Amino acid sequence: MNLRFGRILATTVAIVVGLFILASTFVAEWPGEIFGLSGLINQVSLLFISWVTIVAAFALFLGFANVISVHWNRIQTRKPGALYSIVLLIALAATLAVGFLSGGPNSNPSQFIFDFILQPLESTFFALLAIFIATAAFRAFRVRNLETLIFVLFTVIVLLGQVPIGIYLWAELPVIKDWILNVPALAGVRGILLGVALGTIATGLRVLVGTDRPYTDQK
Amino acid sequence: MASSVLLAFLFLLLFLGLLLFFSARVNRGQKPSLRRIQAFEAIKGFTGRAIEAGRALHLSLGTGSMADITTADSLAGLYTLDYLADQSATTGIPPIVSMADPTVMLMAQNTVRSAYGSDKVKAAEAYRDIRWIAPQPAAYAAGVMNLLSLDEVETNIMIGKFGDEYLLMGETAARRGTSHVGGASDPNTLPFIYATAQETLLGEEIYAGGAYLQKRPVHIASLLAQDTMRWIIGIVILGGVAATSLGIING
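This is the structure:
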């Protein structure tokens, strides 16, 4: 009984909040008042959006607990990589302690961690992309069927059209490259984006009318 | 301005009408035959493969959230999790699920809990394999790469919102010889998926999980509504091109 009531409540909340947020996007673009309700719709939807921030912050807290739980379990069961888990938990505790003791995330010690440890590590890690692109391209360039043959052909033309040597090989290469990027590639991207937009709207509508309830335990 | 708002509103109403119309039809038993998508066929066999190999199945839900424009992408991954969780409730082998946003983690936990029903002990065990890695894309990718290496993953599914970091994870899976299905909606990520995954879900295909994996009537109806809207948009575009070319309307 309680479970059923919970489902009904969750569905009602989702539909009402969803309708308010949807209405606010139309109200924001509509010139003038809509039955004198524009102000109310805007205020209520802003309130709902501010609640999202609170929920997200609480979710972050639960995520924090999840990280500790997963890595503590790894250490206890001495799974492979337990040493990394120890390092992670120490780093986590140290960053938290620095944040608390130095006066929050905007303090100098906290900023030091972000500016001189975290950001350089992230940049270094993303620099690996160059190597990964090369190895992925090596695999992708193996011609297995007609599809991969077209893939390789177009990639080689775009690659040669992009670099200065291309124009020396054949003066038309940059022109063909531009045509590939502006006509078939752009058409393909627009087709994909159109499909994605329709898929997104359909997902939203299903949730909005309550026929799809991923937030409850009902299938 | 007013006309474009009105047009968008009418578009939504039409879409909603089609969704409800096709839902009623599908519920009456008029189900269409869906074209075969190889990636979903592969996903259906992944749990079995992982059990046979005695290794793990990993599902990445990406870097999307449940509270911004990436919600639909995150939901697409969660529908796949729904299917895998149902299978794991039968087999007792839960998938390892990773994500970059804690709101998605809560949804993933709810999905797993609902699959296990009243069996709270097994649900608690499955919870341990739902892992929030880190909010930054680079840190998330590093965590998943580590997970793919250390947890001896046999089959890997990545469906959700991904950026450039996809390549780091996808390439790691490819190098390790892991069976790998990848899917994303961002056209900039699709070449990375194409280059690394064995089976791909390109663009809107990621939203079709509920229809293909679980045969949910409302999801099947949703695909029919999307197809109808696509035809309408296509006809309007062609009509607009013809009318502009013939000078009937001014471009």
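First to last, the sequence lines map onto chains A and B. Take the first sequence: its letter number 190 is residue 223 in this note's numbering, and every next letter is one higher. Take the second sequence: its letter number 168 is residue 1285 in this note's numbering, and every next letter is one higher. No residue lacks a Cβ here, since even glycine has one placed at the ideal position from N, Cα and C. Predicted model, so just to flag it, every value in this text is computed and none were measured.
Chain A contact for residue i (CB, 8 angstroms cutoff)
i	result
threonine 1272 of chain B	no
aspartate 1236 of chain B	no
glutamate 1169 of chain B	no
isoleucine 1350 of chain B	yes
glutamine 1155 of chain B	no
aspartate 1147 of chain B	The sequence as given places glutamine at residue 1147 of chain B; aspartate does not occur at that position. Taking Cβ atoms only, chain A never reaches closer than 8 angstroms to glutamine 1147 of chain B, which makes this a no.
valine 1298 of chain B	no
asparagine 1263 of chain B	yes
glycine 1294 of chain B	no
alanine 1256 of chain B	yes
glycine 1194 of chain B	no
alanine 1259 of chain B	yes
Start and end residues, beta strand (DSSP E) containing residue i
i	result
glycine 1277 of chain B	1270-1278
glycine 69 of chain A	No beta strand (DSSP E) contains glycine 69 of chain A, which DSSP labels as neither H nor E.
serine 1215 of chain B	1213-1216
tryptophan 1249 of chain B	1247-1249
Segment limits, alpha helix (DSSP H) that includes residue i
i	result
methionine 1346 of chain B	1334-1362
serine 1177 of chain B	Serine 1177 of chain B -> not in any alpha helix (DSSP H); beta strand (DSSP E) instead, spanning 1173-1179.
isoleucine 1310 of chain B	1307-1313
proline 197 of chain A	197-202
glutamine 1204 of chain B	1188-1208
lysine 210 of chain A	206-213
leucine 151 of chain A	That residue, leucine 151 of chain A, is in no alpha helix (DSSP H); it is neither H nor E in DSSP.
serine 1182 of chain B	Element bounds for serine 1182 of chain B: n/a, residue is neither H nor E.
alanine 1170 of chain B	1155-1170
glycine 232 of chain A	219-241
alanine 1325 of chain B	Here alanine 1325 of chain B belongs to no alpha helix (DSSP H), and DSSP marks it neither H nor E.
lysine 1148 of chain B	Note, lysine 1148 of chain B: premise wrong, no alpha helix (DSSP H); not H, not E.
Residues bridged to residue i (per DSSP)
i	result
leucine 1318 of chain B	B:Gly1300
Nearest-angstrom beta carbon gap, residue j and residue i [assumed within contact, 8 angstroms]
i	j	result
phenylalanine 1309 of chain B	tyrosine 1283 of chain B	5 angstroms
valine 1270 of chain B	arginine 1172 of chain B	6 angstroms
arginine 1248 of chain B	asparagine 99 of chain A	7 angstroms
threonine 1180 of chain B	alanine 1217 of chain B	4 angstroms
serine 1121 of chain B	alanine 235 of chain A	Not quite, the Cβ-Cβ distance comes to about 21 angstroms (not below 8 angstroms), so this is no contact.
alanine 1206 of chain B	alanine 1232 of chain B	5 angstroms
valine 229 of chain A	glycine 1320 of chain B	5 angstroms
Near the ligand HEM: residue i beta-carbon under 7 angstroms from a heavy atom
i	result
leucine 151 of chain A	What this structure holds is no ligand at all, so the ligand HEM is not there to describe.
CB contact below 8 angstroms: residue i versus chain B
i	result
aspartate 245 of chain A	yes
phenylalanine 149 of chain A	no
asparagine 106 of chain A	yes
threonine 110 of chain A	no
isoleucine 234 of chain A	yes
glycine 237 of chain A	yes
aspartate 211 of chain A	no
alanine 92 of chain A	yes
Any chain C beta carbon closer than 8 angstroms to residue i
i	result
proline 113 of chain A	Absent from the structure is chain C; the protein chains it does hold are A and B.
Contact set between the stretch 1196-1222 of chain B and chain A, restricted to residues whose Cβ is under 7 angstroms from the partner: Pro1219, Thr1220 and Met1222
Proximal residues, the stretch 1118-1136 of chain B versus chain A, C-beta separation under 9 angstroms: Met1118, Ala1119, Ser1121, Val1122, Leu1123, Ala1125, Phe1126, Phe1128, Leu1129, Phe1132, Leu1133 and Leu1136
Under 7 angstroms (Cβ pairs) to chain B, residues found in the stretch 58-76 of chain A: Phe59, Glu62, Trp63 and Pro64
Residues of the stretch 152-186 of chain A with a CB closer than 7 angstroms to any CB of chain B: list them in chain order, please. Glu155, Phe158, Phe159, Leu161, Leu162, Phe165, Ile166, Thr168, Ala169, Ala170, Arg172 and Ala173
Selection of the stretch 189-222 of chain A by Cβ proximity to chain B, strictly under 7 angstroms: Val222
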